[in-house]
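Enquirer: I'd like to ask some things about the structure below.
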Amino acid sequence: MRSTINIAKAMVGPVERDTPPRKMSRRSVGEIIFFVAATVSFLLCMGTLVVMVVDLVQTSAGRLTWQFLSGVSSRLADRAGVLPAIAGTVWVTSIAMVISLPIGIGAAVYLEEFCRRSALSRVLEIAIANLAGVPAIIFGMVGLHLFVRWCGFGRSVLSGGLTMALVVLPLIILVSREAIRSVPRDVREGSLALGASTMQTVWHQVLPAALPGLLTGAILGVCRIIGEAAPLLALGAVTYLTKTPSGLDSPFTTLPIQVFNWISRPQVAFHHNAAGAIVVLLMVLFVLNGAAIVIRARGQRRG
């Protein structure tokens, strides 16, 4: 009898029982709330950015011409251009990167490869992190007293480049340290095991492996320099130029300072000029940030 019942159960199959639905855990509810909040925040940020960019493009639609890009400062809005500002931006950025990039990468190499576990490294790391958070206008005041007055460089391109080198130097050191730190220890140990010195290992193995991160830090530093106006305003950069800088002792202006000058005027036509300069500045920043993303992605694929 029992065997007959077992055979019948096997033919019918297991009996499905109504199981009560499980209650949603508190963790899953929190995850859903966090996901919704993050999505809403992202959409708000992107929507605001899109609205601002569209408004800038519409406002500057009639000003983005070759005359505007190749013109110099003028008291008439329809004749004013951004060529001195573009040239001054190139001058200041070039000087700042030529000075800050070797010093920043060298400091990062020293802190990561030669005194990584020392007390000096910890003290310098805290100091560099604090300097990275200092408002940029403070560096402008330092540059005013140090380069303009004490060194006697005046309100020149050289003073602006040196001041912006101070602004961007902590950022380059931090990014370069992260890039060097991401190189696996096996690379160093293998090179040292083959008889190479520490300096040879750093020069021939560590720096080539960290090159994508170093280039990314350099591009981010350039973006920081291009977008800063407060340090150069504190330095005393001019806002009206009828010719481009011709040397290190020339007066200068930059795109952010030119935008500040035009937006401060009451005439609506100068506001359109400011919108056009902002569009030019955004295009340069988008290209540089895109280059940083591409370099980082290629470096990760090779790694």
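FYI, this note's numbering numbers position 128 of the sequence shown as 456, with every residue one higher than the one before it. Just so you know, even glycine gets a beta-carbon here, dropped at the ideal spot from N, CA and C.
(1) Comparing C-alpha positions only, which one of D383, L561, I454, Q586 sits nearest to Y568?
(2) What do you reckon, are the CB atoms on W419 and G468 nearer than 9 Å?
(3) May I ask which residues mark the beginning and end of the alpha helix (DSSP H) holding V550?
(4) Classify R632: buried if its beta carbon has 16 or more other beta carbons within 10 angstroms, exposed otherwise.
(5) Give a yes or no on whether the C-beta atoms belonging to I423 and L494 are separated by under 9 Å.
(6) So for L432, helix, strand or coil by DSSP?
(7) Within 10 angstroms of the Cβ of L497, are there 16 or more other Cβ atoms? Answer buried if so, exposed if not.
(8) Which of helix, strand or coil does DSSP assign to G523?
(9) My assumption, with CB atoms under 8 Å, is that A415 sits in contact with P579. Please give the rounded CB distance.
(10) Count the other CB atoms, across all protein chains shown, that sit within 10 Å of the CB of M374; report buried if there are 16 or more and exposed otherwise.
(11) Would you report the Cα separation of M611 and L371, rounded to the nearest angstrom?
(12) Give the straight-line distance between the Cα atoms of I633 and S446, rounded to the nearest whole angstrom.
(13) List the endpoints of the continuous alpha helix (DSSP H) containing T491.
(14) Indicate the three-state DSSP secondary structure (helix, strand or coil) for S446 in the structure shown.
(15) Helix, strand or coil for V382? Go by DSSP, reduced to three states.
(16) Please work out which residues of its chain come closer than 8 Å, Cβ to Cβ, to L486, disregarding the five sequence neighbours upstream and downstream, and give them in chain order.
(17) Using the C-alpha atoms, what's the distance from L429 back to F363?
Expert: So, to answer that:
(1) Q586
(2) no
(3) Where V550 is concerned, the enclosing alpha helix (DSSP H) stretches over 539–555.
(4) Within the shown structure, residues of the chain are numbered from 329 to 631, placing residue 632 beyond reach of any answer.
(5) no
(6) For the sequence presented, residue 432 should be read as Gly rather than Leu. Here G432 sits in helix by DSSP.
(7) buried
(8) coil
(9) Not really, about 12 Å apart at Cβ, beyond 8 Å.
(10) exposed
(11) 22 Å
(12) Missing from the structure shown is residue 633; the chain here goes from 329 to 631 and no further.
(13) Going by DSSP, T491 is part of the alpha helix (DSSP H) stretching over 485–509.
(14) coil
(15) helix
(16) The residues are I423, F475, L576, D577.
(17) 40 Å
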